[in-house]
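Chemist: Counting in the UniProt record's numbering, the sequence shown runs from 1 upward without gaps.
We put the beta carbon where it would ideally sit given N, CA and C, even for glycine.
Since the structure is predicted, the reported quantities are computational estimates derived from the model, not experimental observations.
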Amino acid sequence: MSIRFDILRHICSSNNDMQVIMELKKLGKMSVRAGWVDGNVTASEAYAHLMEKKATGKDQPALGRPVSLALIARTLNYGREPGQTISGHKYGRIPARPFMQLAEKKMAEKMPEILKAYLPGMLSGKMSKTAFLEMLGSRMAGEIKDAMTNGQWTPLSPNTVKRRRHGGSQPLIDTGTLRLSVSFEIEK
Numbered sequence: 001m002s003i004r005f006d007i008l009r010h011i012c013s014s015n016n017d018m019q020v021i022m023e024l025k026k027l028g029k030m031s032v033r034a035g036w037v038d039g040n041v042t043a044s045e046a047y048a049h050l051m052e053k054k055a056t057g058k059d060q061p062a063l064g065r066p067v068s069l070a071l072i073a074r075t076l077n078y079g080r081e082p083g084q085t086i087s088g089h090k091y092g093r094i095p096a097r098p099f100m101q102l103a104e105k106k107m108a109e110k111m112p113e114i115l116k117a118y119l120p121g122m123l124s125g126k127m128s129k130t131a132f133l134e135m136l137g138s139r140m141a142g143e144i145k146d147a148m149t150n151g152q153w154t155p156l157s158p159n160t161v162k163r164r165r166h167g168g169s170q171p172l173i174d175t176g177t178l179r180l181s182v183s184f185e186i187e188k
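In structure tokens, the structure reads:
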């Protein structure tokens with residue numbers, strides 16, 4: 001579960017300076033994504049099961065292994081309807097709390113300012129492409145964390161608040177593990 005920015009595509013859509021665009025093309029692919037890597041592919045498999053259930057109406061098997069943080073993030077972001085697995089395990093509704101879309105929107109709003117501040121240094125060679133992408137990835141991860149913490153989300157149900165091991169009633173934040181594990185990677 002991640003948001004991705006292709007720098008060249010963003011610049012081309014917001015900048016008519018062909019010289020800048022041509023200089024950037026010389027630097028090669030420039031994209032970075034932030035969020036959670038789906039290391040054990042549970043987010044992808046769960047999404048495939050959801051699409052299968054929507055298409056056929058049939059309950060799907062449980063994944064049978066621990067879920068990844070990417071799956072937890074996807075579920076919290078898009079929500080989940082109540083249902084059950086083939087084996088009869090029931091699960092409840094989780095309302096969508098689209099923190100990733102909020103983070104992506106805020107990042108897109110800030111891109112012109114970021115590009116204005118950092119692009120000249122990168123084009124002149126004072127800042128490396130890698131340093132630029134690392135700065136951008138760090139900012140993207142920060143926007144995701146901020147959206148999780150400060151977004152105006154649907155409140156938790158009283159039952160959810162009761163079940164929480166660490167107390168608190170803030171949506172998207174229970175133990176803090178998900179928020180603290182937001183990272184970024186430069187795509188090559």
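Would you report the Cα separation of K188 and N159, rounded to the nearest angstrom?
Modeler: Start at 1 with the first residue of the sequence shown, and residue 188 comes out as number 188. Start at 1 with the first residue of the sequence shown, and residue 159 comes out as number 159. Taken atom to atom, the span from the alpha-carbon of K188 to that of N159 is near 45 Å.
Chemist: Rounded to whole angstroms, what's the CA-CA distance from residue 229 to G125? Just pull it up for me.
Modeler: This structure leaves residue 229 out entirely; the chain is present only between 1 and 188.
Chemist: Could you check which residue in A70, E185, R80, G142 has the C-alpha nearest to that of K53?
Modeler: Within the sequence shown, residue 53 is the residue found at index 53, counting from 1. Nearest option by C-alpha distance: R80.
Chemist: In the DSSP assignment, find the beta strand (DSSP E) that holds G35 and state where it starts and stops.
Modeler: One-based indexing of the sequence shown puts residue 35 at position 35. 31-35 is the span of the beta strand (DSSP E), which, as asked, contains G35.
Chemist: Given a threshold of 16 other Cβ atoms within 10 Å of its Cβ, counted over all protein chains shown, does L180 qualify as buried or as exposed?
Modeler: Within the sequence shown, the letter at position 180 stands for residue 180. It is exposed - the Cβ of L180 has fewer than 16 other Cβ atoms within 10 Å.
Chemist: Considering only their Cβ atoms, is the gap separating L178 from A73 smaller than 8 Å?
Modeler: Position 73 of the sequence shown, counted from the start, is the residue given in the question as residue 73. Position 178 of the sequence shown, counted from the start, is the residue given in the question as residue 178. Yes, these two residues count as a Cβ contact at 8 Å.
Chemist: Kindly examine the ligand FMN and report whether one of its heavy atoms sits closer than 7 Å to the Cβ of G92.
Modeler: The ligand FMN is absent from the structure shown, which contains no ligands of any kind.
Chemist: Let me know if E109 comes out buried or exposed under the rule of 16 or more other beta-carbons within 10 Å of its beta-carbon.
Modeler: One-based indexing of the sequence shown puts residue 109 at position 109. It is exposed - the Cβ of E109 has fewer than 16 other Cβ atoms within 10 Å.
Chemist: Would V182 and S169 be called neighbours here (beta carbons separated by less than 8 Å)?
Modeler: In the sequence shown, the residue the question calls residue 182 occupies position 182. In the sequence shown, the residue the question calls residue 169 occupies position 169. No, the Cβ-Cβ distance between V182 and S169 is not below 8 Å.
Chemist: Quick check: the Cα distance between T175 and E134, rounded to an integer number of angstroms?
Modeler: In the sequence shown, the residue the question calls residue 175 occupies position 175. In the sequence shown, the residue the question calls residue 134 occupies position 134. Rounded to the nearest whole angstrom, the C-alpha separation of T175 and E134 is 27 Å.
Chemist: Measure the C-alpha to C-alpha separation of T56 and R165 and round it to an integer number of angstroms.
Modeler: Locating residue 56 in the sequence shown gives position 56, counting from the first residue. Locating residue 165 in the sequence shown gives position 165, counting from the first residue. About 37 Å.
Chemist: Less than 6 Å between C-beta atoms, sequence neighbours within five positions excluded: which residues of the same chain meet that for M148?
Modeler: For the purposes of this step, residue 148 is taken as the residue at position 148 of the sequence shown. So the qualifying residues of the chain are F99, L172, R179.
Chemist: Taking just the CA atoms, how far does S44 sit from T154?
Modeler: What you label residue 154 is simply residue 154 of the sequence shown in a count that begins at 1. What you label residue 44 is simply residue 44 of the sequence shown in a count that begins at 1. Counting only the Cα atoms, S44 lies some 25 Å from T154.
Chemist: If you compare alpha carbons, which of L69, S68, H49, A70 is closest to P61?
Modeler: As a position in the sequence shown, residue 61 is number 61, starting the count at 1. Ranking the options by Cα distance to P61, first place goes to H49.
Chemist: Helix, strand or coil: which one does DSSP assign to K90?
Modeler: Indexing the sequence shown from 1 puts residue 90 at position 90. K90 falls in the strand class under three-state DSSP.
Chemist: If you draw a straight line from the alpha carbon of L71 to that of P112, how long is it in whole angstroms?
Modeler: Within the sequence shown, numbered from 1, the residue matching residue 71 stands at position 71. Within the sequence shown, numbered from 1, the residue matching residue 112 stands at position 112. Whole-angstrom Cα-Cα distance: 32 Å.
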